[in-house]
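Protein chains in written order, with the working numbering: chain A, 228 to 378; chain B, 16 to 154.
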């Protein structure tokens with residue numbers, strides 16, 4: 228437990244939320260990309276977050292402190308996952324990436340990006356970023372008070 | 016000089032209280048940072064009630080004290096030293112408030128952080144006041 232630990236925790240939250248909004252911006256920017264280096268249309272990414280403390284929180288009446296892994300240390304990005312949900316099909320036979328044969332001939336595979344979902348996620352990420360930044364600002368004001376002791 | 020007087024006790028109490036306020040702020044910051052993580056459960060810090068109990072146990076006499084005629088006897092009443100009271104982190108693992116198993120309430124945490132900040136300011140002002148009182152004498 229240090230004086231600056233709460234600021235560091237808020238910083239992990241801000242970094243994670245920033246990455247989340249970066250990924251959302253990438254999804255929105257590529258919302259009509261039909262051609263990627265991996266082949267096929269663009270697939271939306273999503274950020275998987277998890278606490279930095281990985282160990283399970285064990286509860287036992289016999290060892291109240293023994294298996295305790297300390298106060299939480301913030302959040303981290305576990306992975307950036309590709310969403311494997313099916314892509315949107317749009318009928319456009321003149322499109323260069325239109326499917327040539329089969330039952331879906333004439334359709335273009337568009338990315339599985341839903342702008343509304345992305346915007347809602349962006350608002351959530353931005354609010355969470357604000358909450359973390361408010362936390363860091365509050366901690367700063369608090370510790371400035373501590374520096375005034377004995378003055 | 017100061018260890019056993021009211022000054023020493025006040026400063027020690029405030030010191031411990033400020034440590035706990037810092038720990039509590041760390042726990043609140045962790046809750047807020049993890050407010051979007053599925054299946055994360057919020058934690059809280061318990062300290063004040065056990066400190067109050069320990070401080071009261073020094074003054075309150077038991078109604079029916081049991082005689083201890085041998086040092087190996089266990090008395091029915093033992094006062095708790097307030098210096099031994101440690102903050103306790105509690106995981107709120109029973110409740111769920113969102114569909115992803117997370118139970119962090121952002122408004123609640125922001126209010127907690129605000130009251131935590133004001134409490135820390137108050138404590139630092141109180142400790143400052145104590146030192147200023149001594150300064151008055153020393154000057």
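Using N, Cα and C, we set each Cβ at its ideal position, and we do this for glycine too.
Since residue i and residue j are thought to touch, with beta carbons under 8 Å apart, how far apart are those beta carbons, to the nearest angstrom?
i: residue 331 of chain A; j: residue 312 of chain A; result: With a Cβ gap of about 17 Å, residue 331 of chain A and residue 312 of chain A do not count as contacting.
i: residue 366 of chain A; j: residue 234 of chain A; result: 5 Å
i: residue 245 of chain A; j: residue 279 of chain A; result: About 16 Å; that fails the 8 Å criterion.
i: residue 94 of chain B; j: residue 124 of chain B; result: That pair is no contact at about 36 Å.
i: residue 358 of chain A; j: residue 121 of chain B; result: 6 Å
i: residue 248 of chain A; j: residue 353 of chain A; result: 6 Å
i: residue 138 of chain B; j: residue 36 of chain B; result: 6 Å
i: residue 351 of chain A; j: residue 51 of chain B; result: 7 Å
i: residue 275 of chain A; j: residue 305 of chain A; result: 5 Å
i: residue 271 of chain A; j: residue 254 of chain A; result: 5 Å
Identify whether residue i lies in helix, strand or coil by the three-state DSSP scheme.
i: residue 367 of chain A; result: helix
i: residue 327 of chain A; result: coil
i: residue 316 of chain A; result: strand
i: residue 362 of chain A; result: helix
i: residue 357 of chain A; result: helix
i: residue 306 of chain A; result: strand
i: residue 346 of chain A; result: helix
i: residue 145 of chain B; result: helix
i: residue 81 of chain B; result: coil
i: residue 340 of chain A; result: coil
i: residue 152 of chain B; result: helix
Are the beta-carbon atoms belonging to residue i and residue j less than 8 Å from one another?
i: residue 371 of chain A; j: residue 135 of chain B; result: no
i: residue 69 of chain B; j: residue 26 of chain B; result: no
i: residue 104 of chain B; j: residue 42 of chain B; result: yes
i: residue 314 of chain A; j: residue 345 of chain A; result: no
i: residue 229 of chain A; j: residue 301 of chain A; result: no
i: residue 61 of chain B; j: residue 117 of chain B; result: no
i: residue 142 of chain B; j: residue 38 of chain B; result: no
i: residue 251 of chain A; j: residue 348 of chain A; result: yes
i: residue 119 of chain B; j: residue 57 of chain B; result: yes
i: residue 44 of chain B; j: residue 237 of chain A; result: yes
i: residue 146 of chain B; j: residue 377 of chain A; result: yes
i: residue 299 of chain A; j: residue 49 of chain B; result: yes
i: residue 77 of chain B; j: residue 91 of chain B; result: yes
i: residue 307 of chain A; j: residue 334 of chain A; result: no
i: residue 59 of chain B; j: residue 107 of chain B; result: yes
Can you pull the chain E neighbours of residue i, defined as C-beta to C-beta under 8 Å?
i: residue 233 of chain A; result: In summary, chain E is missing from the structure at hand, where the protein chains are A and B.
Whole beta strand (DSSP E) runs in the region 17-78 of chain B with 3 or more residues, listed along the chain? You should have 58-61.
Secondary structure, beta strand (DSSP E): runs of 3+ residues fully inside the region 85-116 of chain B: If we require 3 residues or more, the beta strand (DSSP E) runs fully inside the region 85-116 of chain B come out as 103-106.
Ranges of the beta strand (DSSP E) found wholly within the region 244-280 of chain A, counting only runs of at least 3: Entirely contained in the region 244-280 of chain A, the beta strand (DSSP E) runs reaching 3 residues are, in chain order, 272-278.
Any C-beta of chain A within less than 7 Å: which residues of the region 78-95 of chain B qualify? If the cut-off is 7 Å between Cβ atoms, the region 78-95 of chain B has nothing near chain A.
Against chain B: residues of the region 247-274 of chain A by CB proximity under 7 Å: Residues: none.
Taking Cβ-Cβ distances below 9 Å as the criterion, which residues of the region 49-78 of chain B are in contact with chain A? Residues 49, 50, 51, 52, 53, 55, 56, 58 and 60.
Taking beta-carbon pairs under 9 Å, can you tell me which members of the region 333-349 of chain A lie near chain B? Residues: none.
Compile a chain-ordered list of the residues in the region 366-378 of chain A whose CB is closer than 7 Å to at least one CB of chain B. Cβ contacts with chain B: 366, 368, 369, 372, 373, 375, 376 and 377.
Determine which residues of the region 95-115 of chain B have a Cβ less than 7 Å from any Cβ of chain A, and write them out in chain order. Residues passing the 7 Å Cβ filter: 104 and 106.
Against chain A, which members of the region 130-152 of chain B pass a CB distance test of less than 7 Å? Hits within the stretch, in order: 132, 135, 136, 139, 142, 143 and 146.
Under 8 Å (Cβ pairs) to chain B, residues found in the region 292-326 of chain A: Near chain B, meaning a CB-to-CB distance below 8 Å, the residues of the region 292-326 of chain A are 295, 298, 299, 300, 301 and 302.
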